[in-house]
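These notes are about the structure you will find just below.
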Amino acid sequence: MTGEFVPKSDRVKELFKDVFIPSAADWAALREKVQADGLYHQNRLAVAPNGSISYINDVSASIHPITQRIEERQEKKIGKIYYPAAGLSTDTIPYYTSAYDMDMRKVIDVYAAATEHVDQGLSLTLFMRSDIPKGLYEWKKENKQTTRDLSILRNYAFNKGIKSIYYVRTFTDDGGEVGANQCESCVI
């Protein structure tokens with residue numbers, strides 16, 4: 004650990020007033036003890052749920068951004084099912100932005116901040132439109148997605164300490180979603 008994690012805002016300080024927050028010295032002492040004695044059940048913090056598990060539990064997909072306000076999924080035995088985003092209501096609609104309409108560097112920043120606090124890797128997915136909205140990325144001169152876009156985002160993620168990118172999903176002009184594991188040529 005390189006720094007102290009302490010509440011910054013008055014509201015968070017109030018919430019944590021009776022909670023012990025380990026200092027850098029506490030973590031250093033623990034590190035020495037673990038190096039000497041090992042650690043049983045060391046992987047205690049994993050980020051979940053994401054994808055289908057979140058639908059079953061009627062919660063958001065953890066730190067994963069939503070792809071649609073109401074997502075249509077094809078279930079094998081029962082057909083189409085529609086899942087509204089967790090907490091979606093008439094009042095909250097303006098606060099929901101599709102991952103496909105976000106600058107992926109903001110998503111990478113969230114994952115990078117969370118990575119420091121979990122024992123296991125995070126399942127980071129990049130969401131790209133096949134036609135990237137004008138102004139979303141300052142390096143874009145044309146709206147078509149290119150391998151350069153992906154390279155820039157991968158390098159950004161690497162420099163932020165992201166260990167891996169799990170998927171790259173592309174939203175096509177016809178409203179379809181394609182993952183790199185489904186059609187390699189579609190994401191290039």
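With this note's numbering as the guide, the letters of the sequence shown map in order to residues 4 to 191. Built from N, CA and C at the ideal position, the CB exists for glycine as well. If you're wondering where the values come from, they're calculated on a predicted model, not measured in any experiment.
Taking 9 angstroms as the cut-off, decide whether the C-beta atoms of residue i and residue j are in contact.
i, j, result
"Arg72", "Pro87", "yes"
"Lys143", "Ser133", "no"
"Val110", "Phe130", "yes"
"Leu127", "Ala89", "no"
"Tyr140", "Asp106", "yes"
Taking the C-alpha atoms as reference points, what is the distance between residue i and residue j?
i, j, result
"Val22", "Leu153", "42 angstroms"
"Asp176", "Ala39", "57 angstroms"
"Ile168", "Arg157", "8 angstroms"
"Thr93", "Ile69", "17 angstroms"
"Glu78", "Ile56", "13 angstroms"
"Asn184", "Tyr170", "Because the pLDDT at Asn184 is just 44, under 50, the model does not fix this residue reliably, and the value given afterwards should be weighed accordingly. Taking the straight line from one Cα to the other gives about 8 angstroms."
"Pro10", "Glu17", "9 angstroms"
Could you tell me which of the options sits nearest to residue i, measuring between CA atoms?
i, options, result
"Glu75", "Lys83, Val50 and Arg14", "Lys83"
"Val50", "Glu78, Thr118, Asn162 and Ile81", "Thr118"
"Lys163", "Ala116, Thr173 and Lys137", "Ala116"
"Asp122", "Lys166, Glu35, Val62 and Lys20", "Lys166"
"His67", "Thr100, Lys16 and Phe19", "Thr100"
"Pro136", "Ser12, Phe174, Lys20 and Leu42", "Phe174"
Under DSSP, the beta strand (DSSP E) around residue i begins and ends at which residues?
i, result
"Tyr86", "Gly82 to Pro87"
"Glu145", "No beta strand (DSSP E) contains Glu145, which DSSP labels as neither H nor E."
"Leu129", "Thr128 to Arg132"
"Tyr170", "Tyr170 to Phe174"
Looking at chain C, is there any beta carbon in it that lies within less than 9 angstroms of the beta carbon of residue i?
i, result
"Ala115", "Reference to chain C is not applicable here, since this structure consists of a single protein chain."
Tell me where the alpha helix (DSSP H) around residue i begins and ends.
i, result
"Glu35", "Ala27 to Asp40"
"Ile111", "Met107 to Thr118"
Segment contact, 8 angstroms Cβ cut-off, at least three pairs: the segment 23-43 with the segment 5-13:
yes
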